[in-house]
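> Chains as they are written, first to last, in this note's numbering: chain A, 719 to 1069; chain B, 719 to 1069. Glycine residues also receive a C-beta, built at the ideal position from the N, C-alpha and C atoms. Here it is, the structure in full.
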């Protein structure tokens, strides 16, 4: 496992995207989102996905020269057609629009259609924080999760992120898939050849399973905590796609280039839903941040079960990881390193 | 188990509240919310709670003559001081404000402080549906749920409801606690003297338990699906209370009159957060509803695990229950019937 500096990987990602014809500013933005995932320890959503984006581009399914446009608008809302670009590029722009609307009328909400994978939801939601706003980001994703009582893959892992500003404490950031486990956790178990906990996956017949490779033989992921997670993932699907005009449910195009989208799609690309709420549209921001600090400090002091295991605040492990990786660098496992080297070679770059 | 018609129970609830000095229109509204819970089969949130509201009133903790006021406002937001009234009364009024704002600028969001229990979240969110809007409702609640790694009750069951309009199909309504099980399910197991599934509660020492009475000996409820549910319940707490100026976390006043609120509270009463988003602020409502019907029909057809167990759409069981109870009446278990009869006697009414 070798370590790479943030700057080094950022430059590499940027070069890969520009080499594929992406405008420099967009390539910079896409690199920002990807590297933020690696820094925060969400390795499954960082540079590990870079070659996948390039394959989607080569397959003609991701437009690296996309010009997004607002196709519908009110003072507090907008709907955006992402022109088949990467969510990595359009979602930050859409978040800027949401923030601008929140400045004007208190809140801003943007639904996006005709997009592709947007990286970690956390990056987009956290853009609201420096503006003393609450940020919200969600997206649908290619179907891997079965609804309760079903064995069919109908929903993506459909993540939700909510980020709340605080005062002296780190912000509160919850960034979670609406399945019990996201694919990244299965991959870790696969590499370690370990069994996974019951409840993460089921077989293609709908039986319980502890096999981390179950998805490869037609199995499905299970929704967070049972039927509630199914409802939550479904709500994310509807907000991201039925509201924006993107594809939903089993029609969401696969993230991998070797699987083709279904025919007769009901919408365009995949969908995201973003929001920004200005704190002082509800109460003075200083009051809110004071109470957020109080909230955080009180929860950190909650009585522990194991005296050595502290109670964590959502987002805390990621902030700690980011601090560490800014200092020591980003570790890449061999498989990812090899993948990036192959990509570099193909494009005449060096990792 | 005796059956009562909707109208009969509605009148009774109204009489109880007016007898305690609540203005007639407010008593009607409160009855609407309570009876909607019984009709939908959420028996734990219907007339079973009526005497509890009266006890809060008698203890001087719920103001039955409350005059709510808007204390902060932008075109898309408002913060309301509920004047220590019942959430049953103020939340529908706040939802009307959210809907009005959504008519004007696309979306409307209302944070409420200084309130009390608001009944089922579903009633409030569903008020948006006839306006072709998406409705959102959440509330914090008195602390029963322990954060991950903790054995201390720090969060309520903090429910979230999201209601989406549809065309020919029933609307999609997800209305869920952010704990694995809400108190109502424990009560059912207590009455049946049955064990509960692992994961619902833990002992006061933080050990796993299948004892439905665990809360009575200092145990706590567990968040939905582990740490994600903790984060989700926490986000509901922050939106409902830190944003509105209500009490949060362990400071949320108990719903029962025999437990006193803590001292040095950081806010006022309990908090709610409500939202309304106009569909045609994003895309034409007719298009959205067409695709919602398509979504619903496709999910109903998802491959079943057990051929006899159909895949359900969130809200479907409640709509079926409502249809049945509108016809045959609302069944009250003996304990609830006795409780209401005692209340009736005390107030010089008949059930």
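#1: Using a Cβ cut-off of 9 Å (strictly closer), state whether residue 945/B contacts chain A.
#2: Establish whether the CB of residue 957/B and some CB of chain A are separated by less than 9 Å.
#3: Please decide whether residue 808/A counts as near chain B, where near means a Cβ-Cβ distance under 9 Å.
#4: Restricting to runs no shorter than 3 residues, where is the beta strand (DSSP E) found entirely within the segment 827–868 of chain B?
#5: How about residue 797/B and residue 996/A: are their beta carbons less than 9 Å apart?
#6: For the beta strand (DSSP E) that contains residue 752/B, what are its first and last residues?
#7: Do you know how far the Cα of residue 1031/A is from the Cα of residue 1017/A?
#8: Indicate whether at least one CB of chain A lies closer than 9 Å to the CB of residue 919/B.
#9: Can you confirm whether residue 794/A, when its beta carbon is compared against all beta carbons of chain B, has any partner nearer than 9 Å?
#10: Taking the straight line between their C-alpha atoms, what separation do you get for residue 988/B and residue 1040/A?
#11: Would you identify the three-state DSSP class for residue 733/A, choosing helix, strand or coil?
#12: Which residues in the same chain as residue 945/B place their Cβ atom closer than 7 Å to its Cβ, once the five residues preceding and following it in sequence are excluded?
#13: To which residues of the same chain is residue 737/A closer than 7 Å at the C-beta, ignoring the five residues directly before and after it?
#14: Go to residue 911/B, then tell me how far its alpha helix (DSSP H) extends in each direction, as first and last residue.
#15: Excluding the 5 residues preceding and the 5 following residue 838/B in the sequence, name in chain order all residues of the same chain whose CB lies nearer than 6 Å to its CB.
#16: Taking just the CA atoms, how far does residue 735/B sit from residue 745/B?
#17: Could you pull the start and end residues of the alpha helix (DSSP H) that residue 1064/A belongs to?
#18: How many Å lie between residue 874/B and residue 1060/A at the Cα?
#19: Cutting at 7 Å between CB atoms, please list the residues of its own chain near residue 921/B, excluding the five before and the five after it.
#20: Listed in chain order, which residues of the segment 821–847 of chain B have Cβ atoms closer than 7 Å to some Cβ of chain A?
#21: I want to know whether the segment 788–795 of chain A touches the segment 822–832 of chain B - three or more CB-CB distances under 8 Å.
#22: If we cut at 9 Å on Cβ distances, does residue 966/B have a partner in chain A?
#23: For chain B, find out if any of its Cβ atoms is closer than 9 Å to the Cβ of residue 904/A; answer yes or no.
#24: Can residue 887/B and residue 804/B be called in contact, C-beta distance under 9 Å?
#25: Taking the alpha carbon of residue 849/B as the reference point, which residue from 776/B, 1025/B and 1007/B has its own alpha carbon closest?
#26: Could you tell me which residues DSSP pairs with residue 797/B in its beta bridges?
#27: By DSSP's criteria, residue 993/A is part of a beta bridge. Which residues make up the other side?
#28: Do you know how far the Cα of residue 815/B is from the Cα of residue 767/B?
#29: With DSSP collapsed to three states, give me the class of residue 1014/A.
#30: How about residue 948/A and residue 863/A: are their beta carbons less than 9 Å apart?
#31: Can you round the beta-carbon distance between residue 851/A and residue 994/A to whole angstroms, since I take them to be within the 8 Å contact cut?
#32: Distance check for residue 772/B and residue 779/B, CA to CA, integer angstroms please.
#33: Quickly, what does DSSP pair residue 879/A with across the bridge? List them, please.
#34: Of all the options 725/A, 751/A, 827/A and 787/A, which has the alpha carbon lying nearest to the alpha carbon of residue 998/B?
#35: Report buried or exposed for residue 719/B, applying the criterion of at least 16 other Cβ atoms within 10 angstroms of its Cβ.
#36: Kindly confirm or deny that the segment 951–958 of chain B and the segment 894–904 of chain A touch, where touching means at least three C-beta pairs closer than 8 Å.
Let's see:
#1: yes
#2: yes
#3: no
#4: 851–857
#5: no
#6: Residue 752/B -> not in any beta strand (DSSP E); alpha helix (DSSP H) instead, spanning 742–758.
#7: 7 Å
#8: no
#9: yes
#10: 36 Å
#11: helix
#12: 866
#13: 1065 and 1067
#14: Per DSSP, residue 911/B belongs to no alpha helix (DSSP H) and is neither H nor E.
#15: 755, 760 and 763
#16: 5 Å
#17: 1052–1065
#18: 51 Å
#19: 927, 932 and 937
#20: 823, 824, 825, 827 and 829
#21: yes
#22: yes
#23: no
#24: no
#25: 1007/B
#26: 790/B and 829/B
#27: 827/A and 854/A
#28: 27 Å
#29: helix
#30: yes
#31: 5 Å
#32: 10 Å
#33: 855/A and 893/A
#34: 827/A
#35: exposed
#36: no
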